[in-house]
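Peer 1: Dropping the structure in here first, questions after.
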Amino acid sequence: MGFYIYLFNKHKFMAVARLLNDYIFICLILYGKPVELLSTSVFLLLPLVNNLNHSGKKKTGPISLRLYILIFGSYYFLNDFKFSVSFIFPVIVISMINGLIFLRLYLMNFANNLYSIIEEFYQDNLNIGKTHVILKEVVKRHKNNKLVYNSLPVENIILFRLKENGELKILLSSKFVVNFKLLNYKDFAKEILETQYTRNNGVALDNRISNNNLFILKEHNNINYVFFVEFSRKPPLSLTLNIYIDKVLMPLLTKITKVAYAEYQLELENKNYFQEVKSRLENIDSAVNAIHYLNNKLSPVLNYFEMLRLQPSVEKEKRVAFDDLIEREKRNAISSIIPITQKMNQMAEKTMNANIISETQKFSLRKVFALIRKSCDENNNIRFEYNVNWDENIFSKIVVSNINLLSFIIDEVIINIEKHSTGICEINYGLEDLPTISFCNEVKNLEKNRASLNKIIEDFNKDNINEIMKRGSNGLRIIKQYLLQLNIGHKMSLSNDKLILTLTLKLDDESSNI
Amino acid sequence: MKVAIFENEFNAIKTSFDGFNLLYFNNELKYEIFSSSQSFGDLSNLVNFSVALVDIDLSVKSHMDGFQILSQIQKLDSDKIKIIVLTGHISIREKLKSLNLPEYPIISKPINLSTIKTAFDYYHLSPKTSA
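Top line first, the protein sequences correspond to chains A and B. Mapping of the first sequence onto this note's numbering: residues 6 to 519, in sequence order. Mapping of the second sequence onto this note's numbering: residues -6 to 124, in sequence order.
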């Protein structure tokens, strides 16, 4: 018993011992039986059928010399030391099947190895801007696998975006490429869009010509991507290449396309972000310029009053000349007042209209709910209680807004709630003509602050933004300003000991029927 | 006393200078206005002036901005030229420091004749006869 348990050891020698043990048993059972019959000799073939699953530290290949020695040796022994050619046929068939299964498993294993590149790419960090590393690694792993590389000598992979005008724009490449030119295509875009892939056409890559290659089209989110796979020599078997394209390359390229798309989206986000930052900087720049302008224009005004202050102490002999200067500065000051007020109005107008929404998106009220809950969950000082009167139908309704700005507003609302709260805030998701969200904050020191709160409420509820913009509190100014920009209805009120801010969300036209 | 004023919007502050000149120098200050660095020409000729007032925010048409003019004057290494900075910037002192320029007296815009006097007093240039 102990011997058999020991036989399960993964050591190579034990695997041979197990195989020997199998054949000893088979020989004992078949001894004296007519092994010339296939129905009897089939037992000798069972270890061959199971060859690829045979346990051991190292997986065996489809051809095992020791197994064939044991099969034919056992047959020879059991068949009274005679050999029958008819026994070779099933051995060959099973070996061929084993070979095909082995090849399939090998390719699957290799494909999984390639797919793991993407997982590894994201493992440590996002690696934004380094997606070309994936293509580099794909080529490297092909080269490291001699069996694959002999059949499919992948040398270089380039990912393009097929522009609407039919041009190819290089996105990523496993090797740095400066120039890329198609040589033998009349209308490449038309051809690739029709055939999905094309092979072995002349391509000028920097200062050399590539003729062993293939182009594969991949579409993702209405963007056409084209992969260019270059081989160092012509792949020897067309069949191998076709299996490789279908079973390995296509799924891999689909995954890489998704990575490229994600990076493209991030780039787009970054561009939008910097566009917004740029417009902010432009505003700051114009504000600084306006201050310089005002400083210059204010000099005559300031000097006029300074001269008036000095006038009584001016020596007699200088007084007439000084009075003339005062008169001149008075005129200068008067003529300065109009441009000063014009500039200030311009500035005020710009502040009121400072629009930071670069784009809007459509999203459901479910998203709005999740966004508010997330912001509330991040705050540890207030206990938020939810009272949700929205049903599935309401949750599915669509609003058109800017999700980042809305999130920013909610964060500001919560900061303001925290400033005045006893620590409890109820959020009511209600429904009047339109969906409403009410933040009901229990206010601390209400009696002491009642007058100032009433003034805040009065200023906040005015249609005109001017009053609230005069307040020292940045938070309320931001909330009011951006709620107006997002066209979100808003009303503040004081009820019992609660300060209530109610937001009314306007729905997208298509989903406005509640 | 000759004063060089690098300022492209001198009209707005001319009366301040005229008043200052009348009250404290009996109109004996002779000032010349340069709206750009190139309108002055060779900056080494500044040694012919007792005071140089330099506006940091010269027009974009000027080949050199105020800081560059200050740097050039500093290279002249002349004790004769008293430098006064004209500016609308609040953090000008930090900027001068970062450029390894000395702590010049600063006239911040908007200006009046008394702020000009304060800057001249830094160099003890104003006569005692004042308003």
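All C-beta atoms, glycine included, are put in the ideal place defined by N, C-alpha and C.
Roughly how many whole angstroms lie between the Cα atoms of I123 of chain A and I34 of chain A?
Peer 2: Near 52 Å, if we compare the C-alpha coordinates of I34 of chain A and I123 of chain A.
Peer 1: Answer with yes or no whether the minimum CB distance from T8 of chain B to chain A is below 8 Å.
Peer 2: Interface residue, yes.
Peer 1: Taking only beta-carbon atoms, is A326 of chain A less than 8 Å away from chain B?
Peer 2: Yes, because at least one Cβ of chain B sits closer than 8 Å to the Cβ of A326 of chain A.
Peer 1: State the DSSP-derived secondary structure class of H495 of chain A, mapped to helix, strand or coil.
Peer 2: In the structure shown, H495 of chain A sits in a strand (DSSP, three-state: E or B).
Peer 1: Below 7 Å on C-beta distance, what does K128 of chain B contact in chain A?
Peer 2: The structure shown does not extend to residue 128 of chain B, since chain B is modelled only from -6 through 124, so no value can be given for it.
Peer 1: Are there three or more Cβ pairs, one per stretch, closer than 8 Å when the stretch 196 to 213 of chain A is compared with the stretch 263 to 278 of chain A?
Peer 2: Result no; under three Cβ-Cβ pairs closer than 8 Å.
Peer 1: Using a threshold of 7 Å, is the CB atom of E0 of chain B nearer than that to any non-hydrogen atom of the ligand SAH?
Peer 2: Only the bare structure without any ligand can be found here, which leaves the ligand SAH out of the picture.
Peer 1: So, does the CB of E287 of chain A fall closer than 8 Å to a CB anywhere in chain B?
Peer 2: Closer than 8 Å: no.
Peer 1: Measure the alpha-carbon distance for E172 of chain A versus R285 of chain A and round it to whole angstroms.
Peer 2: Approximately 35 Å between the Cα atoms of the pair.
Peer 1: Who are I74 of chain A's beta bridge partners in DSSP?
Peer 2: I74 of chain A is not bridged to any residue.
Peer 1: For I484 of chain A, which three-state DSSP category applies?
Peer 2: Here I484 of chain A sits in helix by DSSP.
Peer 1: Just the chain A side, please: which residues come within less than 7 Å of E2 of chain B by C-beta, in chain order?
Peer 2: The answer, in chain order, is N301.
Peer 1: Mapping the DSSP letters down to three states, classify S71 of chain B as helix, strand or coil.
Peer 2: It is coil, neither helix nor strand.
Peer 1: Below 8 Å, can you find three or more Cβ-Cβ pairs linking the stretch 38 to 48 of chain B to the stretch 11 to 18 of chain B?
Peer 2: Touching, no.
Peer 1: Does the separation of the CB atoms of I5 of chain A and V182 of chain A fall below 8 Å?
Peer 2: Summary: the structure shown does not reach residue 5 of chain A, with chain A confined to residues 6 through 519, and so no result is reported for it.
Peer 1: For the alpha helix (DSSP H) containing Q128 of chain A, name the first residue and the last one.
Peer 2: Its alpha helix (DSSP H) spans residues 93 to 128.
Peer 1: Considering only their Cβ atoms, is the gap separating I422 of chain A from I470 of chain A smaller than 8 Å?
Peer 2: Taking 8 Å as the Cβ cut-off, I470 of chain A and I422 of chain A do not qualify as a contacting pair.
Peer 1: Taking the runs of the beta strand (DSSP E) that are 3 residues or longer, which of them lie wholly in the stretch 31 to 79 of chain B?
Peer 2: For the stretch 31 to 79 of chain B, whole beta strand (DSSP E) runs of length 3 or above, ordered along the chain, are 44 to 48.
Peer 1: What would DSSP say about Y36 of chain A, mapped onto helix, strand or coil?
Peer 2: Here Y36 of chain A sits in coil by DSSP.
Peer 1: Since D11 of chain B meets chain A, which of its residues come closer than 7 Å, beta carbon to beta carbon?
Peer 2: Ordered by position in chain A, the residues that pass the 7 Å Cβ test against D11 of chain B are L330.
Peer 1: I want to verify the contact list: residues of chain A whose CB lies under 7 Å from the CB of D50 of chain B, in sequence order.
Peer 2: Here the neighbours are H297.
Peer 1: At least one CB of chain B closer than 8 Å to the CB of L307 of chain A: is that the case?
Peer 2: Yes, L307 of chain A lies at the interface with chain B (some Cβ there is under 8 Å from its Cβ).
Peer 1: At a CB-CB cut-off below 7 Å, which residues of chain B make contact with E452 of chain A?
Peer 2: Under the 7 Å cutoff, chain B gives no residues; its nearest Cβ is about 42 Å from E452 of chain A.
Peer 1: Taking 8 Å as the CB-CB limit, is A5 of chain B close to chain A?
Peer 2: Yes, A5 of chain B counts as interfacial toward chain A.
Peer 1: Give me the DSSP bridge partner(s) of S291 of chain A.
Peer 2: None; S291 of chain A has no bridge partner.
Peer 1: Distance check for R23 of chain A and A209 of chain A, CA to CA, integer angstroms please.
Peer 2: Computed Cα separation, rounded: 58 Å.
Peer 1: Does the CB of M349 of chain A have a neighbour CB from chain B at under 8 Å?
Peer 2: No, M349 of chain A does not count as interfacial toward chain B.
Peer 1: Please compile the residues from chain A whose C-beta is within a distance smaller than 8 Å of the C-beta of G81 of chain B.
Peer 2: Going along chain A in sequence order, the residues near G81 of chain B (Cβ under 8 Å) are I296, H297, N300, N301.
Peer 1: Nearest chain A C-beta to I32 of chain B closer than 8 Å, yes or no?
Peer 2: One point to set straight first is that residue 32 of chain B is Ser, not Ile, in the sequence displayed. Not one chain A Cβ lies under 8 Å of S32 of chain B.
Peer 1: Which one or two residues does DSSP pair with I432 of chain A in a beta bridge?
Peer 2: According to DSSP, I432 of chain A bridges with A:Y391, A:F444.
Peer 1: Do the stretch 139 to 159 of chain A and the stretch 230 to 241 of chain A touch if we need at least three Cβ pairs shorter than 8 Å?
Peer 2: With a cut-off of 8 Å, the stretch 230 to 241 of chain A and the stretch 139 to 159 of chain A count as touching, because enough Cβ pairs lie within range.
Peer 1: What span of residues does the beta strand (DSSP E) with Y202 of chain A cover, start to end?
Peer 2: Start and end: 202 to 204.
Peer 1: What separation, rounded to the nearest whole angstrom, lies between the Cα atoms of N93 of chain B and I74 of chain B?
Peer 2: Cα-Cα distance, rounded: 18 Å.
Peer 1: What does the alpha-carbon distance come out to for the pair E1 of chain A and K485 of chain A?
Peer 2: Only positions 6 to 519 of chain A appear in this structure, which leaves residue 1 of chain A out of reach.
Peer 1: Grouping DSSP H, G and I as helix and E and B as strand, with all else coil, what is V183 of chain A?
Peer 2: Reduced to three states, the DSSP call for V183 of chain A is coil.
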